[in-house]
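What follows is one structure encoded as structure tokens, with my remarks underneath.
Residue numbers (our numbering): -6 to 296.
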């Protein structure tokens, strides 16, 4: 009986996550230059400024075509040269250019890309091409990514709101929310849940029905609004796999017999504690956010 109930409970969670994440890009691959006024970084700009900013990004993409916007995470992933750039930083720098940016959005964005490529710093993480050409400790790029995702998205830690790992460019990210979800955001999620008319899930057949059904548009829209509001309170830690890899041999020598993910967890813990190059945040992190990131990584190390 307990086993059966546990299976159904797990399926309920699975369906909820499938509904929520079956389109992991949330449509951004269809129109990543839409002016949504949804995410925290967008709200750093006026509507007119965002229209110009997104027009500049689109013009640059048409010209170069080498980046992707992770809107929800507040991250710009650039393929050539490989780097990650905070969308909060990009928005702030665009706004600081004032009339020059509004008069020539494409030129302004081109300048911002050049700035980021020229110098790594807070909100800008340079990546390494061909970061893992073969294997290390039995891990190829895909295995390394999986192990790093295990490190960065350790279960059982409150405040982890999502994450992502990419094996080709060699980076990972984890979204954290320190201090708990604000009551105003909780109320928005409760409102969204009240708009769902789906039948309760009691057994495997209900799970199949739920998967085949489309969620109500009103529910999806309300959920998007809640996600956008929450993004004003979250921060995203960015990690360069290549520089974690650089520390792997020395860390492995001190941990013979340990699982690769445990070795990676210790290497990343040292990087975060020492604040060495190879990690950055989309916004200036608070002490609580730094400690939460350390807790996430330490949880992997303790398992």
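All residues carry an ideal CB built from backbone N, CA and C; glycine is no exception.
Look at the beta carbons and you see the region 102 to 111 not touching the region 225 to 241: under three pairs across the two are nearer than 8 Å.
Under the criterion of beta carbons closer than 8 Å, residue 103 and residue 53 qualify as touching, at roughly 6 Å. For residue 153, the closest alpha carbon among the candidates 162, 174, 160 and 138 is that of 174. Using a Cβ distance threshold of 8 Å, residue 133 and residue 253 do not count as a contacting pair.
Looking at 94, 79, 128 and 34, the one whose alpha-carbon comes closest to that of residue 241 is 128. Excluding residues up to 5 positions away in sequence, 64, 65, 67, 80, 221 and 224 lie with their Cβ nearer than 8 Å to the Cβ of residue 32 in the same chain.
Runs of the alpha helix (DSSP H) lying entirely within the region 149 to 187, each at least 4 residues long, are 176 to 187 in chain order.
Looking at the DSSP output, residue 60 shares a beta bridge with 71.
With fewer than 16 other Cβ atoms inside 10 Å of its own Cβ, residue 246 counts as exposed. Going by beta carbons, residue 71 and residue 59 fall inside the 8 Å limit.
Under the three-state reduction of DSSP output, residue 262 falls in the helix class. If you look at residue 244, you'll find it in the alpha helix (DSSP H) that goes 234 to 246. Under DSSP, residue 76 shares a beta bridge with 71 and 119.
For the pair residue 30 and residue 43, the Cα-to-Cα distance works out to about 8 Å. Note that the C-beta distance between residue 273 and residue 231 is below 8 Å.
Using a Cβ distance threshold of 8 Å, residue 144 and residue 258 count as a contacting pair.
The criterion of a C-beta distance shorter than 8 Å is not satisfied by residue 237 and residue 187. Contact annotation, residue 212 with residue 177: C-beta distance approximately 19 Å; criterion of less than 8 Å not satisfied.
DSSP places residue 33 in the coil class of the three-state scheme, outside both helix and strand. Scanning its chain for C-beta atoms nearer than 8 Å, with the 5 sequence neighbours on each side dropped, one finds around residue 159 the residues 70, 138 and 165, in chain order. Buried is the label assigned to residue 156, since at least 16 other Cβ atoms lie within 10 Å of its Cβ.
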